[in-house]
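S.K.: One structure, as structure tokens, below. Some questions next.
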Amino acid sequence: MGCLPYMLVSFPDVAAQTDSIGCAEPFNQISQYFNSKLKEAVLQLRKDLPSAAITYVDVYSVKYELLSHPEKYGFEHSLVACCGYGGKYNYNNEVVCGGTITVNGTDIFIGACDRPWVRANWDGIHYTEAANKFVFDRISSGACTDPPVPLKMACHRRDSR
């Protein structure tokens, strides 16, 4: 996804082509294209395997909604890593969360931000526990699935007797 600090820092030429929230649009277009083809494949599988229960989950849209409107869901600084160091996105390819970096002769420990529960991105690559819970809640409620069925109703056993 073109909203990850890792992508925005590692590919600055592509990252310069941003959308309204600051994500690298070319990477998001690739994700959207992949998802459209995946949904087509799921629809075909449903035709080919009519007895199978196949659910399509649109995780991209859920994550993009969270990153587009973080305040609406209790988050802040959606494109900034919680555990990182330096720059606009608090991310540096040279040092990882839990590591140390030497700046002007001083070793600096790279630790978590003060309030990780309101951050979407953990370390520039991975989402925080809070963001993953947000995504899971949308999946389990059926809000981002096709068919739009809550998880507890989607998983059922058919007795073959």
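This note's numbering numbers the first residue of the sequence shown as 121 and each following residue consecutively.
For each residue, glycine too, the CB sits at the ideal point set by N, CA and C.
Look up Val269 in the DSSP assignment and give the residues it is bridged to.
M.R.: Val269 pairs with nothing; no bridge assigned.
S.K.: Expressed to the nearest angstrom, what Euclidean distance is found between the alpha-carbon atoms of Asn210 and Cys143?
M.R.: 15 Å
S.K.: Restricting to Cα atoms, I'd like to know which of His246, Asn212, Phe256 and Arg239 is closest to Ser130.
M.R.: Asn212
S.K.: Go ahead and pull the three-state DSSP assignment for Tyr176.
M.R.: Reduced to three states, the DSSP call for Tyr176 is strand.
S.K.: Taking the straight line between their C-alpha atoms, what separation do you get for Ala274 and Cys123?
M.R.: 30 Å
S.K.: Consult DSSP for Asn61 and reduce its assignment to one of helix, strand or coil.
M.R.: Lying outside 121 to 281, the shown extent of the chain, residue 61 is not represented and no answer is given.
S.K.: Which residue's Cα is closest to the Cα of Asn155: Gly218, His189, Ser181 and Ala263?
M.R.: The shortest CA-to-CA distance from Asn155 to any of Gly218, His189, Ser181 and Ala263 is the one to Ser181.
S.K.: Can you tell me whether Asp243 is buried or exposed, with buried defined as 16 or more other CB within 10 angstroms of its CB?
M.R.: buried
S.K.: Count the other CB atoms within 10 Å of the CB of Ser171; is the residue buried (16 or more) or exposed (fewer)?
M.R.: Burial check for Ser171: the Cβ neighbour count within 10 Å stays below 16, so the residue is exposed.
S.K.: Exposed or buried, Gly204, counting other C-beta atoms within 10 Å across all chains shown (16 or more means buried)?
M.R.: Per the 10 Å Cβ criterion, buried.
S.K.: Taking contact to mean at least 3 C-beta pairs separated by less than 8 Å, is the stretch 229-248 in contact with the stretch 190-203?
M.R.: The stretch 229-248 vs the stretch 190-203: in contact.
S.K.: Can you list the beta strand (DSSP E) stretches of 3 or more residues lying completely in the stretch 186-237, in chain order?
M.R.: 220-223 and 226-229
S.K.: From the DSSP output, which residues share a beta bridge with Tyr247?
M.R.: For Tyr247, the beta-bridge partners assigned by DSSP are Asn241.
S.K.: Buried or exposed: where does Arg258 fall if 16 or more other Cβ atoms within 10 Å of its Cβ makes it buried?
M.R.: buried
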